[in-house]
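Participant: I'd like to ask you about the structure that follows.
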Amino acid sequence: MHLSNIPSDLRYTKSHEWVRAAHGEAHDGTVEIGVTEHAQSALGDLVFVEVPEVGRAVKAGEASAVVESVKAASDVYSPVSGRVTASNGQLATQPELINQDPYGAGWMFRVQTNAPIDDSALMSAADYANYLAEEAK
Amino acid sequence: MPELQLREPLIFELSKPGRGAGTQFPPRVAGSAEIPVHLRRATPPMLPEVSELQAVRHFTRLSQMNFSIDTHFYPLGSCTMKYNPKACNTFAMLPEFLGRHPLGPEPQGFLACMYELQEMLQEITGMRGVSLTPMAGAQGEFAGVAMIRAYHRARNDLARNEIIVPQAAHGTNPATAAMCGCSVKEIPCDENGDVDIDALKAAVSPATAAIMLTNPSTLGVFEYKITEVARIVHEAGGLLYYDGANLNAILGKVRPGDMGFDVIHMNLHKTFSTPHGGGGPGSGAVGVGARLLPFLPIPVVGKDGTRFRWLTERDLPQSIGRLSGFMGNAGVNLRAYIYMRLLGRDGMVRVAEFAALNANYLMKRLQAAGFEAAYPTRRASHEFIITLKRENRLYQVTAMDVAKRLLDYGFHAPTTYFPLLVPECLLIEPTETEAKEDLDRFCDAMVAIRREMEQDPEKLSSAPHTMPVRRLDDVRAAKQLDLAWKPAA
Amino acid sequence: MAFIPHTPDDIARMLEVIGVRSIDQLFDEIPGELRAGALGVPPALSEMEIGRLMTDRAASDGRPLNFIGAGAYEHHIPAPVWAIATRGEFYSAYTPYQAEASQGTLQLIYEYQSMICALTGMEVSNASLYDGASALAEACLMAVRANRAASSRRILLPRAVNPTYVQVAKSIAGNQGIVFETVDFDRTAGRTPLESLQPYNGQDVTALVIQQPNFFGSLEEIDALTDWAHQNKIMLIAVVNPTSLALLKAPGQWGARIGGMQGADIVCGEGQPLGVPLAAGGPYFGFMATRMQYVRQMPGRIVGRTLDTEGRPGFSLTLQAREQHIRRSKATSNICTNQGLMVTAATIYMSLLGAAGLERVAAASLQRTADLAAALSRVAGVKPAFTAPRFHEAVLLLDRPVAPVLSALARRGIFGGLDLVDRYPELGHALLVCATETKLEADIDTYSSTLADVMSPSRAAA
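Residue numbers (this note's numbering), protein chains in the order written: chain A, 1 to 137; chain B, 1001 to 1489; chain C, 2001 to 2462.
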């Protein structure tokens, strides 16, 4: 089984999104969101990405973006509630950035949270790795 | 093997301003009728400008780039690619049938055919009523689920919104459930490919509206515990829906009504040999038991004494409504009628017998050649699954590669990657109209491909080699969308 | 045995390979109590016998002179259309999933998509839907998916839209929380006035449907209606007749340019007039086109042009992942198959006629209907119902119930039109008539003189 790259400084959801908190995890801080290496690998070459527009309100667990490959189109769920402060415009012409660099250049959108982040819904890197191993069985 | 036409420009590239098929233009009509200027088109639409011969040649040459049942063995599992008899087309295209407007007085000749078709479909499925209006399998499925929902709501059983679906089911099932405002509960199958009875018992509840099943299943095996499945679901207050995609396997041998199903949709373009047409038109006729009769989609053909007429909203006030602008794909239904009259009582029974004979024969021959059947201890129904997971491990060859290489050998590929449960699978359905020699030739091709797997796998991964095009770039197709011709700037 | 090639020798050899004694043994997994008895269907007919039966039944249906439109139109179909469409390579091919073995069908569909874009003035078309009525239902579901500015799922449906289309839209889309609201028409003009839409100014509405020409054959003021919709952030769904688009403004050009965009947002309609016979109601096909920005919300198959591994152009089904995504979205569609053979016929038809020929068909139909309406209005007791300009249909008002008049005409071999009493009882004794390029001057004379006879005072209770 191909060992997935899972950076330790990020948090993860069961639906394969990652969250990167800004400096200091203040309750009204901004977080950055994308999909994991496992997700991009399962989808295959991405052909289309739709990110939420700046200013849009999102709710934790709500479908906020779409990633589409030849094989499948998947909703991306915002792990947090708040307002979108930025989205990665490059993905419109270069969806493959998510395949090439899912945690860096392939970031999808940033949210200024307006509610405390629900820690129970987010996994550490180690927990996510275990989760992937369980799913593979 | 037949040679395929290789290249043909777009019709727009053949066009030249001022050209046209003049004899096809109606004569000018003198008069002053006019469209007001502000509603008029400013510039003519950019349609082709070719002579009649150019058009005829162009489309004839395009046809020569296709594989079809008329030219190639086409063992596409779950699609039932049997011979489409020419007679069905010839008689369906008699000018009186062809020229008939649907909203005129009821055409007694045509309706006699439709009424008899309804009766025959009822008889062979063991159902009490049939509607011919759904225009494809997906619409038939929608009608079935909508009727089930209407039935429960009519009994004030408003909590029944859950549809149970086996894991191996076709993808349209959950979509159809959602379209009807229902949710889906999946249950697994056991290691033999049958519905897991214990899982089913745990899944039924007062929220159960129905279970959607096909028998034989998408895994190509007969659900022999179907009577028990029916009992469990009925006792829980739910209904049984039969997906008739695999009806070719049991025609005349078992009737879905006798198995306990309350509603069935049939794919007339599969079992009853109406043309596949490059992607339709189909016909998804539905049959129902007594419980669901009041909800049939309209119109349905009825008989008052000796006179045929359409039964509509007034006759079926609880109907789920109309699904089409007129009465469904009338011409397709007419072709199915002609086909059924050509088969007759004995011919219909032979369909399943020889479909099963051909499928079991081909499965045995392929197994003998070293291929792995997904359910080797079960009889093939009218189709069977070969899994290439071992070959994939050994030679990195995929089902897709084998499918593409088969094209070079002059065979249309079987269905690939369906059902999703079986890895690297080929779903093979020869149908009853294929001769033994054609099955043998197919087997020979598979043997040759097996040898290539071992000796020259690159030949497979880069197949096809002899088609009008090599493998196409799907990623590019979806990323750089080119969906309509535009004139050069 | 019909279509089964097996000889007794074949059967014996095959059973031996399988390892069973009889074909019946192949069904031994089916419990005995489930096995069907003898089928109660008639015995087989030879091709000659079924040919005789069908010819007799067709003869009894006859070939009346047809003046009915109402969503299905009689046009001349050029001989090459079905000669080519019924070639086995088109007729008996399947959905083009193995693209390399289906380049003929795929290229044809690409050409079809291009022609629909040309006719409608839109950027992208799909490979067809079942028919015009279900295409409207799908357009409504699509508008719910695509209209981000609206959350109400309310769709405005003028009464001048084909009532059967409205019924079908409700049957198909009604279980997903979509609310259809009725908008009335002007009884004098026979079209939808802007005033009927005023109650919805500034409200949360997902889409407005406009049919052009409308069900009565009248021409709507599509610019003003489109502008109203867009000013209120409402999507405009245009239901159009493809023949009429040779003469009428394309929906892609409706209205003013507002915020860099112009025209209808979704276009759909019935493609039957393009080379598909009336055939007692089907099979027909629905067409659908939209803006490129909405392509991922559009249901149905789409063919795209791409390159193969050697850089040669080729065609394949594309955006298939979106079909599965549409199946899980907030307004679900389950459509799989399309109407491939009818699309084949329509593409050949459009290629033979081109813009010039289609314009001649449309112009002739326009004139013939005008002549028909005038001729019939000269019969005592008949007058036109509406004042708005028309395309190729007209509503006439009779001084007596329509049904007996139509029966009398039918007995003389004329299908005079559609009685509107069930669909629009408020209009009184209303008849919808249509004359296309297939009707000659003599046919119109035949109709009007027969009508005069049927309605003459000496035939009081017809």
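For glycine and all other residues, C-beta sits at the position ideal for the given N, C-alpha and C.
Residues of the segment 34-64 of chain A with a CB closer than 9 Å to any CB of chain B: list them in chain order, please.
Facilitator: So the list reads Gly44, Asp45, Leu46, Val47, Phe48, given in the order they occur along the chain.
Participant: With 7 Å as the C-beta to C-beta threshold (strictly closer), list the residues of the segment 65-78 of chain A near chain B in chain order.
Facilitator: Cβ contacts with chain B: Val70.
Participant: Terminal residues of the continuous beta strand (DSSP E) containing Leu2397 of chain C?
Facilitator: Start and end: 2393-2398.
Participant: Hey, does Met1 of chain A have any beta-carbon neighbour from chain B nearer than 9 Å?
Facilitator: Because the pLDDT at Met1 of chain A is just 39, under 50, the model does not fix this residue reliably, and the value given afterwards should be weighed accordingly. No, Met1 of chain A lies away from the interface with chain B (no Cβ there is under 9 Å from its Cβ).
Participant: Taking only the alpha-carbon atoms, compute the straight-line gap between Ala2036 of chain C and Pro1430 of chain B and give it to the nearest angstrom.
Facilitator: Cα to Cα, Ala2036 of chain C sits roughly 24 Å from Pro1430 of chain B.
Participant: Step through the CB atoms of chain A and report whether any lies within less than 9 Å of the CB of Ala1177 of chain B.
Facilitator: No, its Cβ sits nowhere closer than 9 Å to a Cβ of chain A.
Participant: Between the segment 2379-2392 of chain C and chain B, which residues of the former have a C-beta closer than 9 Å to a C-beta of the latter?
Facilitator: Flagged, chain order: Pro2389, Arg2390, Phe2391.
Participant: Can you tell me whether Thr85 of chain A sits near the ligand SAM, meaning its C-beta is under 8 Å from at least one heavy atom of the ligand?
Facilitator: For the ligand SAM, the structure offers nothing, since it holds no ligand at all.
Participant: Sort B:Phe1308, B:Leu1421, B:Tyr1395, B:Gly1325 by Cα distance to Glu1106 of chain B and report the nearest one.
Facilitator: Measuring from the Cα of Glu1106 of chain B, the nearest candidate turns out to be B:Phe1308.
Participant: Taking a cut of 9 Å between CB atoms, which residues from the segment 1443-1475 of chain B lie near chain A?
Facilitator: The segment 1443-1475 of chain B vs chain A, Cβ under 9 Å: Asp1474, Val1475.
Participant: Determine the direct distance from the alpha carbon of Ala1175 of chain B to that of Ala1203 of chain B, and round the result to whole angstroms.
Facilitator: Taking the straight line from one Cα to the other gives about 20 Å.
Participant: Please confirm whether Gln1480 of chain B has its beta-carbon closer than 9 Å to some beta-carbon of chain C.
Facilitator: Chain C, which has a Cβ nearer than 9 Å to the Cβ of Gln1480 of chain B, makes this yes.
Participant: For a cutoff of 9 Å on Cβ pairs, would you count Gly1020 of chain B as touching chain C?
Facilitator: It does; some Cβ of chain C falls within 9 Å.
Participant: Taking the C-alpha atoms as reference points, what is the distance between Lys14 of chain A and Pro1188 of chain B?
Facilitator: If you take the alpha carbons of Lys14 of chain A and Pro1188 of chain B, they lie about 22 Å apart.
Participant: Cβ closer than 8 Å: which chain C residues qualify as neighbours of Ser1078 of chain B?
Facilitator: Correct list: empty, because the minimum Cβ distance to chain C is about 11 Å.
Participant: Cutting at 6 Å between CB atoms, please list the residues of its own chain near Ile2172 of chain C, excluding the five before and the five after it.
Facilitator: If we look at Ile2172 of chain C and ignore the five residues flanking it on each side, its Cβ neighbours are Ala2137.
Participant: Rounded to whole angstroms, what is the Cα-Cα separation between Ala1290 of chain B and Gly1237 of chain B?
Facilitator: Going by the C-alpha atoms only, they are around 16 Å apart.
Participant: Any idea what DSSP makes of Gln2211 of chain C, helix, strand or coil?
Facilitator: Strand at Gln2211 of chain C.
Participant: From the DSSP secondary-structure annotation, give me the bridge partner or partners of Gln112 of chain A.
Facilitator: DSSP output for Gln112 of chain A lists A:Thr30, A:Arg83 as bridge partner(s).
Participant: If you draw a straight line from the alpha carbon of Tyr1361 of chain B to that of Met1453 of chain B, how long is it in whole angstroms?
Facilitator: Each residue's alpha carbon lies about 24 Å from the other.
Participant: For a cutoff of 9 Å on Cβ pairs, would you count Ala2321 of chain C as touching chain A?
Facilitator: Yes, because at least one Cβ of chain A sits closer than 9 Å to the Cβ of Ala2321 of chain C.
Participant: Run down chain A in chain order and give the residues with a C-beta less than 9 Å from the C-beta of His2325 of chain C.
Facilitator: Within chain A, the residues near His2325 of chain C are Val66, Glu68, Ala72, Ala73, Ser74, Asp75.
Participant: Apart from the five residues just before and just after Val70 of chain A, which ones in its own chain have a Cβ nearer than 8 Å to its Cβ?
Facilitator: These residues qualify, in order along the chain: Gly44, Asp45, Val47.
Participant: Can you find at least 3 beta carbon pairs, one from the segment 2375-2395 of chain C and one from the segment 2026-2043 of chain C, that sit closer than 8 Å?
Facilitator: No, they do not touch.
Participant: Could you list which residues in chain B have their beta carbon closer than 8 Å to that of Pro2404 of chain C, in chain order?
Facilitator: Residues of chain B passing the Cβ test: none, with the nearest at roughly 13 Å.
Participant: Suppose you measure from the CA of Leu1323 of chain B to the CA of Cys2336 of chain C; what does that come to, to the nearest Å?
Facilitator: If you take the alpha carbons of Leu1323 of chain B and Cys2336 of chain C, they lie about 15 Å apart.
Participant: Take Asn1392 of chain B as the anchor and find which of B:Gly1325, B:Ala1136, B:Phe1371 has the nearest alpha-carbon.
Facilitator: The option with the nearest alpha carbon to Asn1392 of chain B is B:Phe1371.
Participant: Taking the beta carbon of His27 of chain A as the centre, do at least 16 other beta carbons fall within 10 Å, making it buried, or is it exposed?
Facilitator: Confidence is the limiting factor: at His27 of chain A the pLDDT is only 48, short of 50, which leaves the residue's position unreliable, though a coordinate-based value still follows. With fewer than 16 other Cβ atoms within 10 Å, it is exposed.
Participant: Run through DSSP, which three-state label would Arg2301 of chain C get?
Facilitator: Arg2301 of chain C falls in the coil class under three-state DSSP.
Participant: Below 9 Å on C-beta distance, what does Phe1059 of chain B contact in chain C?
Facilitator: The contacting residues are Pro2080, Ile2084, Ala2085, Arg2087, Phe2090, Gly2104, Leu2108, Thr2344, Thr2347, Ile2348, Ser2351.
Participant: For Asp2153 of chain C, decide whether its Cβ has a neighbour in chain A, counting only Cβ atoms nearer than 9 Å.
Facilitator: As written in the sequence, residue 2153 of chain C is Arg, which differs from the Asp given in the question. So, not an interface residue.
Participant: Tell me Arg2154 of chain C's beta-bridge partners as DSSP assigns them.
Facilitator: Paired residue(s): C:Val2179.
Participant: Can you grab the Cα-Cα spacing for the pair Gln2293 of chain C / Ala1484 of chain B, in whole Å?
Facilitator: If you take the alpha carbons of Gln2293 of chain C and Ala1484 of chain B, they lie about 15 Å apart.
Participant: Using three-state DSSP, classify Glu2220 of chain C as helix, strand or coil.
Facilitator: Looking at Glu2220 of chain C - three-state DSSP - the assignment turns out to be coil, as it is neither helix nor strand.
Participant: Counting only beta-carbon separations shorter than 9 Å, does Ala2246 of chain C have a partner in chain B?
Facilitator: Yes, Ala2246 of chain C counts as interfacial toward chain B.
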